[in-house]
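Contents: one structure, followed by commentary.
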Amino acid sequence: MTLQILDPTHEGAVGGFALASRLSALKGATVGIISNGKKNTIPFFDAFEDELKSHYGVAEVVRRIKSNYSAPADPHIVEEAENWDAVVAGIGD
Amino acid sequence: MTLSSKSYEVDDIMAAQEFYHSRQWTDGLPVVPPTADAVLACLDWAMMPADHLVGIEPVRERPVTAEKLAINAVMAGCLPMHFPVVVAAFTAMLQEPFLLHGATASTGGCAVLTVINGPIREELGMSSSFNVLGSSDRATTVIGRALRLILGNLLDVRPGEIDRSTLGHPGKLSYCIAEDEDESPWSSLAEDRGIPREASAVTVLAAGAPRQLMNEWTTKPEEILDTFCAEIKANMRHYSIYPGNYVIVVPPQLRAHFKDAGWSRKDIQQYVFENARIHRREWAEVGKANVVGKRGDQEYPALPDPEHLLIVAAGGPAGGFGAVIPPWLGHKSKAVTMAIGACLDCEPPAA
Numbered sequence: 579m580t581l582q583i584l585d586p587t588h589e590g591a592v593g594g595f596a597l598a599s600r601l602s603a604l605k606g607a608t609v610g611i612i613s614n615g616k617k618n619t620i621p622f623f624d625a626f627e628d629e630l631k632s633h634y635g636v637a638e639v640v641r642r643i644k645s646n647y648s649a650p651a652d653p654h655i656v657e658e659a660e661n662w663d664a665v666v667a668g669i670g671d
Numbered sequence: 061m062t063l064s065s066k067s068y069e070v071d072d073i074m075a076a077q078e079f080y081h082s083r084q085w086t087d088g089l090p091v092v093p094p095t096a097d098a099v100l101a102c103l104d105w106a107m108m109p110a111d112h113l114v115g116i117e118p119v120r121e122r123p124v125t126a127e128k129l130a131i132n133a134v135m136a137g138c139l140p141m142h143f144p145v146v147v148a149a150f151t152a153m154l155q156e157p158f159l160l161h162g163a164t165a166s167t168g169g170c171a172v173l174t175v176i177n178g179p180i181r182e183e184l185g186m187s188s189s190f191n192v193l194g195s196s197d198r199a200t201t202v203i204g205r206a207l208r209l210i211l212g213n214l215l216d217v218r219p220g221e222i223d224r225s226t227l228g229h230p231g232k233l234s235y236c237i238a239e240d241e242d243e244s245p246w247s248s249l250a251e252d253r254g255i256p257r258e259a260s261a262v263t264v265l266a267a268g269a270p271r272q273l274m275n276e277w278t279t280k281p282e283e284i285l286d287t288f289c290a291e292i293k294a295n296m297r298h299y300s301i302y303p304g305n306y307v308i309v310v311p312p313q314l315r316a317h318f319k320d321a322g323w324s325r326k327d328i329q330q331y332v333f334e335n336a337r338i339h340r341r342e343w344a345e346v347g348k349a350n351v352v353g354k355r356g357d358q359e360y361p362a363l364p365d366p367e368h369l370l371i372v373a374a375g376g377p378a379g380g381f382g383a384v385i386p387p388w389l390g391h392k393s394k395a396v397t398m399a400i401g402a403c404l405d406c407e408p409p410a411a
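If you're matching them up, the sequences are chains A and B in order. The numbering used here puts the first residue of the first sequence at 579, with every later residue one more than the last. The numbering used here puts the first residue of the second sequence at 61, with every later residue one more than the last.
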């Protein structure tokens, strides 16, 4: 005798997120880095910022740090990010 | 009532095991096949429609329905009468102070400690005695397991996916206990947190593994608590210095000394608040001198205030043991207590 059993997963019932449109180039762009704020992220993102500017021609890098590294970015940072061309979710440990 | 989840046909119960294991839908242990009848029985018992929206996961905005919780509860081994506890516990986990995404994604590897209070403990045959932190009875074991399966299957909290735990701990399989209210000299944990004694309730906490201690060579409350404080301070030195919700589990042998001395919950909370403290410079003694910095003389309390100590009466009758259960990481995630919403006096629906 066969069994009929049910799917225990969310079956794709996910929230309404969509990726932002991709940039064709970074040259002249304003790029934000939202860091989780852990200590060792500072030198890492210093180097990353230098690379973005020197190698990819990024015009400006805006650095922001979340108030709680285990929680989503603070609303004021998300609001500010709307003015940037690209955002890097800066998770480091 | 109709269910909306996708249905699969398998040959038999063993095929069902392989079906779920192969899709990473289990914790590695066998599961009870969630048939429609079994799932509907859970929903009927809790008097919830299948599409009842229990909540929305706050970071990724993922809706969680009663039907999906019931499917996972059945898989974990829950009977219908266990299901309202699962719903209440998961609802508590969805509250903002719990910080569900952070707690379940963190490299810190905490598990969800669930403490049950109120009459439902006896209705479900929960035990607060022997082996209480190591699967003491059916109800607490399957309820704790259901919460873990729910995290995996509904929020993708699986190892290497959302769950980024470096180590984790065995409580991730199931970490649910009931408080020994009948043999306790104190009000219950839930009462202490605003729930009437007549109601049943769950308290959830993102928590590390239990740290066992022993002191059966004194009857003085201060000296017993000094041992608890030493264990808390060891956690602050070795793991995380930041204050948060610490749990102490106090078995009967040690409880008797507090009772004889007339110590209340508040007395214990105040003593631990005043004495479980370290200075940042102590990090240098355990290999962490590099992060002491210029704040070596700064004092860190284990508790932001006395009420952050959660005292749980539980454990077997003999032995001067106790346990400290530390928070995941300071106060980032806070303990949440919630009444169990199902009607406790209602009869289950007729078949």
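The beta-carbon is built from N, C-alpha and C at its ideal position, and this holds for glycine as well. This structure is a prediction, so every number in the text was calculated from the model and none was measured.
Contacts of residue i in chain A (Cβ-Cβ under 7 Å)
| i | result |
| --- | --- |
| B/V99 | L584 |
| B/I308 | Per Cβ cutoff of 7 Å: no residues; B/I308 is ~25 Å from chain A at best. |
| B/V119 | P650 |
Residue i, buried or exposed, once every other Cβ within 10 Å from all chains shown has been counted against 16
| i | result |
| --- | --- |
| B/A402 | Note that B/A402 scores a pLDDT of 45, beneath 50, so its modelled location is shaky; the value from the coordinates is reported in the next line. By the 10 Å Cβ count, B/A402 comes out buried. |
| B/I116 | exposed |
| B/W412 | Residue 412 of chain B is absent from the structure shown; chain B starts at 61 and stops at 411. |
| B/P387 | buried |
| B/M74 | exposed |
| A/M579 | exposed |
| A/L597 | exposed |
| A/I669 | exposed |
| B/D405 | In this prediction, B/D405 has a pLDDT of 46, which is less than 50 and means its spatial position is unreliable; nothing more can be read from the coordinates. |
| B/R355 | exposed |
| B/G212 | buried |
| A/S632 | exposed |
| B/H142 | buried |
| B/R208 | buried |
| A/R642 | buried |
Cross-strand partners of residue i (DSSP beta bridge)
| i | result |
| --- | --- |
| B/D223 | B/P219 |
| B/M398 | B/V262 |
| A/E612 | The sequence shown places Ile at residue 612 of chain A, not Glu. The partner list for A/I612 (beta bridge, DSSP) reads A/R642 and A/A667. |
| B/S67 | A/L584 |
| B/N177 | B/A261 |
| B/Y360 | B/I338 |
| B/C236 | B/T174 |
| B/R122 | B/E117 |
| A/Q647 | Residue 647 of chain A is actually Tyr in this sequence, not Gln. According to DSSP, which records beta bridges pairwise, A/Y647 is partnered with nothing at all. |
| B/L369 | B/Y306 |
| B/R381 | The sequence shown places Phe at residue 381 of chain B, rather than the Arg named in the question. Paired residue(s): B/M274. |
| B/A267 | B/A171 and B/P387 |
Beta-carbon proximity of residue i to residue j, cut-off 9 Å
| i | j | result |
| --- | --- | --- |
| B/F381 | B/A336 | no |
| B/V175 | B/L370 | yes |
| B/S244 | B/R315 | yes |
| B/P361 | B/V192 | no |
| B/A250 | B/A136 | no |
| B/A259 | B/A152 | no |
| A/A637 | A/A664 | no |
| B/Q37 | B/E291 | Outside the displayed range of chain B (61 to 411) lies residue 37 of chain B, so it cannot be described from this structure. |
| B/H317 | B/T279 | yes |
| B/P144 | B/D104 | no |
| B/V332 | B/R297 | no |
| B/W246 | B/R325 | yes |
| B/I222 | B/A130 | no |
| A/T619 | B/L214 | no |
| B/H161 | B/Y302 | no |
| B/V202 | B/C138 | yes |
| B/V396 | B/Y306 | no |
| B/L389 | B/S248 | no |
Cross-chain neighbours of residue i in chain A, by beta carbon under 8 Å
| i | result |
| --- | --- |
| B/I73 | L581 |
| B/P94 | I583, L584 and P586 |
| B/W85 | P586 and T587 |
Beta-carbon neighbours of residue i, restricted to chain B and to distances below 8 Å
| i | result |
| --- | --- |
| A/S632 | Result: empty, since nearest Cβ-Cβ is about 31 Å, beyond 8 Å. |
| A/E589 | S65 and K66 |
| A/A667 | Near A/A667 there are no residues of chain B at all, since even the closest Cβ is about 12 Å away, more than 8 Å. |
Proximal residues of chain B, C-beta to C-beta of residue i below 7 Å
| i | result |
| --- | --- |
| A/D652 | The contacting residues do not exist; A/D652 stays about 13 Å from chain B at best. |
| A/K671 | Checking the sequence shown, residue 671 of chain A turns out to be Asp, not Lys. Per Cβ cutoff of 7 Å: T167. |
| A/N646 | K392 |
| A/A596 | Those within 7 Å of A/A596 in chain B number zero; the least Cβ separation is about 12 Å. |
| A/A659 | The contacting residues do not exist; A/A659 stays about 16 Å from chain B at best. |
Contact list for residue i against chain A, beta-carbon separation under 9 Å
| i | result |
| --- | --- |
| B/E69 | T580, L581, Q582 and I583 |
| B/A349 | Within chain A, no residue comes near B/A349; the closest Cβ sits about 15 Å away, beyond 9 Å. |
Contacts that residue i makes with chain E (C-beta to C-beta distance below 8 Å)
| i | result |
| --- | --- |
| B/M135 | The chain labelled as chain E is not found among the protein chains of the depicted structure, namely A and B. |
Any contact of the region 141 to 156 of chain B with the region 224 to 232 of chain B, i.e. 3+ C-beta pairs under 8 Å?
No, because fewer than three Cβ pairs between the region 141 to 156 of chain B and the region 224 to 232 of chain B fall closer than 8 Å, the two stretches do not touch.
Is there contact here, the region 77 to 88 of chain B with the region 109 to 128 of chain B, by at least three beta-carbon pairs under 8 Å?
Of all C-beta pairs linking the region 77 to 88 of chain B to the region 109 to 128 of chain B, fewer than three are shorter than 8 Å, placing the two stretches out of contact.
Within 8 Å, do at least three Cβ pairs link the region 160 to 176 of chain B to the region 250 to 268 of chain B?
For the pair of segments examined, the region 250 to 268 of chain B was found to touch the region 160 to 176 of chain B: the number of CB pairs separated by less than 8 Å reaches three.
Cβ contact check for the region 235 to 244 of chain B and the region 183 to 197 of chain B: 3 or more pairs under 8 Å
Between the region 235 to 244 of chain B and the region 183 to 197 of chain B there are three or more C-beta pairs closer than 8 Å, enough to call the two in contact.
Are the region 603 to 612 of chain A and the region 623 to 643 of chain A touching, with three or more C-beta to C-beta distances below 8 Å?
Judged by pairs of C-beta atoms under 8 Å, the region 603 to 612 of chain A touches the region 623 to 643 of chain A, as three or more such pairs exist.
Three or more C-beta pairs below 8 Å linking the region 644 to 663 of chain A and the region 91 to 108 of chain B
No, they do not touch.
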